[in-house]
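First up is the structure itself, then whatever we jot down about it.
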Amino acid sequence: MQVYLNGQYVDDSEARVSIDDRGFLFADGVYEVVHIYGQRPFEWDRHMARLERSLAGIGLEAVNVQELAAVRDRLLAQLEHPEASLYIQITRGTQRRSHAPPPPGVLKPTVLMWVRPVDPIAPETVRRGVKAITVPDDRWAKVWIKTIGLLPNVLAKGRALERGAFDAIFVRDGMVTEATSANVFRVKDGVIFTAPVTNYILPGITRAVVIEMARGAGYSVVEEPFSAELLYDADEVFLTGTLTEVLPVTEVDGRAIGTEAGPVALHLLDLLHRRALGA
Ligand code: PDD
């Protein structure tokens with residue numbers, strides 16, 4: 324499939340980035356992932372607003388994210404699959420390795436975009452729910468920036484898989500922050516809880532949409548810190564994310580959370596699908 328790289332549309336097998344790209348050398352860049360449902364990007368404007376915040380967070384404000392919509396449309400025109408992920412990565416650009424970031428405007432940022440098919444999460448996986456483990460949150464203090472520097476997330480995900488789990492949930496100072504590429508919710512006595520937006524979580528677009536939809540459907544949603552122990556004691560736990568959607572978690576650190584997907588998670592997943600598919 325064709326990808327967009329620095330103004331060109333090229334086959335993905337031909338796209339090349341310099342060994343001096345600061346993204347390659349320093350993870351000096353940011354990214355977004357947008358879910359495409361039947362050619363329609365889900366919550367495009369919110370993703371662009373977050374991309375602008377991430378760019379500002381690393382001092383890379385010169386990129387005009389408004390221009391990405393035309394690239395998006397051209398990439399989507401070649402898509403034949405009903406669902407896809409659209410990936411956008413912007414790095415500070417290419418120069419001889421030096422920690423010092425050059426003053427704004429000196430480098431041309433590297434802009435990469437692709438659209439690739441994804442398959443929906445199997446209904447059986449949703450119904451059974453997935454396993455998670457908790458791990459110490461050893462990431463930096465600017466998690467709100469969607470940086471491509473994801474090594475702690477990668478290692479935590481690897482640890483989860485080694486232990487037969489699907490994902491790892493980060494715990495900082497005894498409090499749940501988020502999972503490796505999703506936000507975390509728990510349900511107790513019909514009330515929905517999730518960690519508040521601070522610099523220690525990524526403010527998920529799906530998180531925000533799910534909170535709005537849940538409130539609209541009459542649930543109370545409380546955004547306050549909670550401990551891992553409260554996860555064990557929950558009636559339901561679920562993850563939210565662009566590709567994760569709403570994914571029930573039925574085991575945390577070997578402790579069962581119900582026996583299968585709970586009604587609140589399934590209700591919210593249904594609302595999310597209706598909204599995404601325009602049903
Ligand atoms: N990840 N927290 C982290 C650390 C994430 O990486 C993500 C998304 C989320 C959920 O955010 P959203 O609902 O906006 O997708 C929370 C993307 C999908 C990824 O890295 O592939």
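Sequence positions in the sequence shown follow this note's numbering and run 324 to 602.
Quick reminder that beta carbons are idealized off the backbone N, C-alpha and C, glycines included.
- The C-beta of A372 has fewer than 16 other C-beta atoms within 10 Å across all chains shown, which makes the residue exposed.
- Cβ-Cβ separation between V340 and T433: approximately 6 angstroms, consistent with a contact (criterion under 8 angstroms).
- In the DSSP assignment, L328 falls within the beta strand (DSSP E) that extends over 325-328.
- The beta carbon of P440 sits closer than 6 angstroms to those of H404, A407, all from its chain and outside the five residues before and after it, given in chain order.
- In this structure, the CA atom of E337 is about 20 angstroms from the CA atom of A400.
- Per DSSP, N387 has no beta-bridge partner at all.
- Residue environment: V533 is assigned as buried (16 or more neighbouring CB atoms within 10 Å of its CB, all protein chains considered).
- The residues Y360, F365, in chain order, have a CB closer than 6 angstroms to that of A599 in the same chain once the five nearest residues on each side in sequence are set aside.
- As computed with DSSP, W437 is found in a beta bridge with Y410.
- By the CB criterion at 9 angstroms, L570 and V449 fall inside the cutoff.
- Taking a cut-off of 8 angstroms for Cβ pairs, the stretch 579-599 and the stretch 470-483 do not touch, as fewer than three such pairs fall below it.
- Distances from the CA of T417 to each of N387, D351, D343, K465 were compared; the closest alpha carbon is that of D343.
- If you draw a straight line from the Cα of A455 to the Cα of G497, it comes to about 17 angstroms.
- Within the stretch 424-491, the runs of alpha helix (DSSP H) that reach at least 4 residues and sit entirely inside it are, in chain order, 446-451, 474-485.
- Remark: the C-beta of G564 is in contact range of the ligand PDD, defined as less than 8 angstroms to any heavy atom.
- Classified as exposed, Q362 has fewer than 16 neighbouring CB atoms from the shown chains inside 10 Å of its CB.
- DSSP, read as helix, strand or coil, puts I534 in helix.
- Cβ atoms of T414 and G330 stay farther apart than 8 angstroms, at about 15 angstroms.
- Distances from the CB of V544 to the heavy atoms of the ligand PDD are all 8 angstroms or more.
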